[in-house]
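One structure is given here, and the rest of the page talks about it.
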Amino acid sequence: MKVIVNYDLINSVRNVNEQLTPMKVIRNKKWRWVKTWYPLYLGVDFMINDPKRVPIDFLIQAATLTVLESITAYTLDDPFQRVSERDLKTLASLLCKLNIDTSYDLLKDSQPNGRKYQVRLSENKIPQILESKYILVPTYTAMGDIKDTSLLQEHIIGSNRYVLSLGSKQKKLVPAYSQT
Numbered sequence: 428m429k430v431i432v433n434y435d436l437i438n439s440v441r442n443v444n445e446q447l448t449p450m451k452v453i454r455n456k457k458w459r460w461v462k463t464w465y466p467l468y469l470g471v472d473f474m475i476n477d478p479k480r481v482p483i484d485f486l487i488q489a490a491t492l493t494v495l496e497s498i499t500a501y502t503l504d505d506p507f508q509r510v511s512e513r514d515l516k517t518l519a520s521l522l523c524k525l526n527i528d529t530s531y532d533l534l535k536d537s538q539p540n541g542r543k544y545q546v547r548l549s550e551n552k553i554p555q556i557l558e559s560k561y562i563l564v565p566t567y568t569a570m571g572d573i574k575d576t577s578l579l580q581e582h583i584i585g586s587n588r589y590v591l592s593l594g595s596k597q598k599k600l601v602p603a604y605s606q607t
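Residues in the sequence shown are numbered consecutively from 428, following the numbering used here.
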């Protein structure tokens, strides 16, 4: 059984557990900035400034934008935390329906356990990068104890589709060397 969501589980866990910092803003808004703000600033810099000064001015503007947005827009409320809390609560109920007995509080303690990347071709013969993340999620056993269950999160980079399923990280066998 698989659960399809539109967010990264590990980023949601980080958003819930961390305080609001400029790095949290960057992590959550990087694609919007890469697609809109940075090209806009870069274009303005090339029109106004000497081409030799553009990299310096661009870095100053990007840093200023990051700090100002994290200070002004999010002083009273952390929207990333609010959205991630809602996502994790919904995910906990979806996982319980798939017989993965967990809760919102346990999902907050999830840890990454590794990742792999594969290049594959889509139906249209376009190369895609598939990211496979292994995540250890604390779950309840039948006796009420807590144990870690491994989830596999598959994601095609550039899309908003994340597929969660049961899966464990494959151990790589390495030859042992003799001490003699």
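Ideal Cβ placement from N, Cα and C applies to all residues, glycine included.
Around the C-beta of TYR544, fewer than 16 other C-beta atoms lie within 10 Å, and the residue is accordingly described as exposed. Using a Cβ distance threshold of 8 Å, LEU533 and ILE562 do not count as a contacting pair. The beta carbon of VAL590 sits closer than 6 Å to the beta carbons of LYS429, ILE431 and GLU581 from its chain, once the five residues preceding and following it are set aside; these are given in chain order. At the C-beta level, PRO449 and VAL510 stay beyond 8 Å of one another. Distances from the alpha-carbon of CYS523 to those of ASN455, ILE556 and TYR567 put TYR567 closest. Going by DSSP, PRO449 is part of no beta strand (DSSP E) but of the alpha helix (DSSP H) stretching over 449-459. Uninterrupted beta strand (DSSP E) stretches at least 3 residues long and entirely within the stretch 534-606 occur at 538-548, 554-567, 573-583 and 589-593, given in chain order. Looking at the backbone, the Cα of TYR531 and that of ILE556 are separated by about 30 Å.
Taking C-beta atoms under 8 Å as the contact rule, ASN587 and ASN433 qualify, at a distance of about 5 Å. Apart from sequence neighbours up to five positions away, no residue of its chain approaches ASN438 with a beta-carbon distance below 6 Å. Excluding the 5 residues flanking it on each side, TYR468 has same chain C-beta neighbours closer than 8 Å at PHE485, GLN488, ALA489 and LEU492, in chain order. A residue is called buried once 16 or more other Cβ atoms fall within 10 Å of its Cβ, and ARG441 is buried on that count. Under the DSSP definition of a beta bridge, ILE487 lacks any partner. Under DSSP, VAL430 takes part in a beta bridge, and its partners are LEU591.
For ASP505, there is no enclosing alpha helix (DSSP H), as DSSP marks it with neither H nor E. Apart from sequence neighbours up to five positions away, the residues of its chain that approach LEU578 with a beta-carbon distance below 6 Å are ILE562, VAL564 and LEU591, ordered along the chain. By the neighbour-count criterion, in which a residue is buried when 16 or more other Cβ atoms sit within 10 angstroms of its Cβ, ALA519 is buried. With at least 16 other beta carbons inside 10 angstroms of its own, THR529 counts as buried. The continuous alpha helix (DSSP H) containing ILE475 extends over residues 465-475.
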